[in-house]
Amino acid sequence: MTELSAEQKNFLHIQKRHRRVVGVSRILILLSFLFIWEFTANTGIIDSFIFSSPSKIALCFWELTLDKTIFLHIGVTLYETILSFLLVIGISILAAIALWFSRKLSEILDPYMVVLNSLPKSALAPLLIVWLGANRTTIIVAGMSVAIFGSILSLYSSFISVDPEKIKLIYTLQGTRFHAMTKVVLPSSLPAVINIMKVNIGLCLVGVIIGEFLAARNGLGYLIIYSSQVFKMDWLLLGIVLLCIMAMLLYTLISLLEKWCGKRY
228 MTELSAEQKN FLHIQKRHRR VVGVSRILIL LSFLFIWEFT ANTGIIDSFI
278 FSSPSKIALC FWELTLDKTI FLHIGVTLYE TILSFLLVIG ISILAAIALW
328 FSRKLSEILD PYMVVLNSLP KSALAPLLIV WLGANRTTII VAGMSVAIFG
378 SILSLYSSFI SVDPEKIKLI YTLQGTRFHA MTKVVLPSSL PAVINIMKVN
428 IGLCLVGVII GEFLAARNGL GYLIIYSSQV FKMDWLLLGI VLLCIMAMLL
478 YTLISLLEKW CGKRY
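Using the numbering used here, the letters of the sequence shown map in sequence onto residues 228 to 492.
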């Protein structure tokens with residue numbers, strides 16, 4: 228192996244120190260926030276009944292862990308989010324491919340896609356309940372509705388922005404439009420697909436929570452809306468904390484997938 232020069236070693240040292248400073252700073256900010264929150268709640272500076280405290284939330288989590296109800300809520304929300312996310316990605320890719328194959332179809336549907344993407348999705352949730360009933364299907368569709376139209380538009384934009392010279396080369400070699408899609412367009416759009424997945428995992432979680440607010444009997448969205456109605460603020464804040472953790476973990480999984488695809492492709 229080639230030995231690194233002094234400049235390269237110094238550059239790597241600076242980068243390593245930068246990452247260390249960033250990581251430590253993030254942890255210190257979080258710990259400082261939790262300390263101030265706990266201190267102000269215990270000393271009466273803020274109302275601990277309204278704002279709760281980290282220790283109360285931790286105790287609440289432990290109590291719900293002992294009776295195992297928290298695992299039901301987490302599992303339901305996680306299942307609905309992942310299923311709606313997978314459906315959004317699959318349908319978006321297929322729809323974007325169909326639009327790419329038919330420019331006339333894309334021109335016809337473009338204004339409708341823009342309007343549906345701009346529509347506030349929370350307005351659709353009550354309508355979905357009337358159409359589909361207060362069940363899990365409604366929640367999954369609500370999760371999909373938040374992300375699917377934007378995903379189709381973004382993927383289609385990525386498809387049509389692929390280098391036309393590469394596509395022309397496929398046709399020169401007697402390839403078909405199908406070959407252009409599978410050999411050039413899809414591989415070239417892989418980074419865009421990953422980026423859309425990063426955005427959609429959070430959007431699907433938001434949509435699922437909106438659906439659970441209105442049509443669920445379990446799940447973190449149901450836990451949050453129920454606890455707000457009975458003024459169990461510890462439960463409400465616990466649900467929000469768990470949603471933050473879930474969103475972070477799901478995003479991290481997509482980032483790991485991105486790194487794996489980067490190494491393989």
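Every residue gets a Cβ at the ideal spot worked out from N, C-alpha and C, and that includes glycine.
S280: buried (16+ other C-beta within 10 angstroms of its C-beta) or exposed? The residue is buried, with at least 16 neighbouring Cβ atoms inside 10 Å.
I'd like to check one pair, I297 with L469: are the Cβ atoms closer than 9 Å? Yes. Within cutoff.
Between the alpha carbons of L255 and I241, how many angstroms are there, rounded? L255 and I241 have their C-alpha atoms spaced approximately 21 Å apart.
How big is the Cα-Cα spacing for G250 and R244? When rounded, the distance between both Cα atoms is 10 Å.
Helix, strand or coil: which one does DSSP assign to S280? Under the three-state reduction of DSSP output, S280 falls in the coil class, being neither helix nor strand.
Please determine if the stretch 423 to 434 and the stretch 338 to 346 are in contact, where contact requires at least 3 C-beta pairs separated by less than 8 Å. Contact fails between the stretch 423 to 434 and the stretch 338 to 346, because fewer than three Cβ pairs, one in each stretch, are under 8 Å apart.
Close beta carbons around S282, own chain, < 7 Å, minus the five adjacent residues each side: The beta carbon of S282 sits closer than 7 Å to those of E265, all from its chain and outside the five residues before and after it, given in chain order.
CA-to-CA distance, A233 to T304, given in whole angstroms: About 52 Å.
Kindly say whether L432, judged by its beta-carbon, lies nearer than 9 Å to any beta-carbon of chain C. Reference to chain C is not applicable here, since this structure consists of a single protein chain.
Looking at C-alpha atoms only, which residue of V368, P338, Y453, A407 is the closest neighbour of V315? Minimum Cα distance to V315 is reached at V368.
Alpha helix (DSSP H) segment containing V248, residue limits: Taken as a continuous stretch (DSSP letters only), the alpha helix (DSSP H) holding V248 covers 233 to 269.
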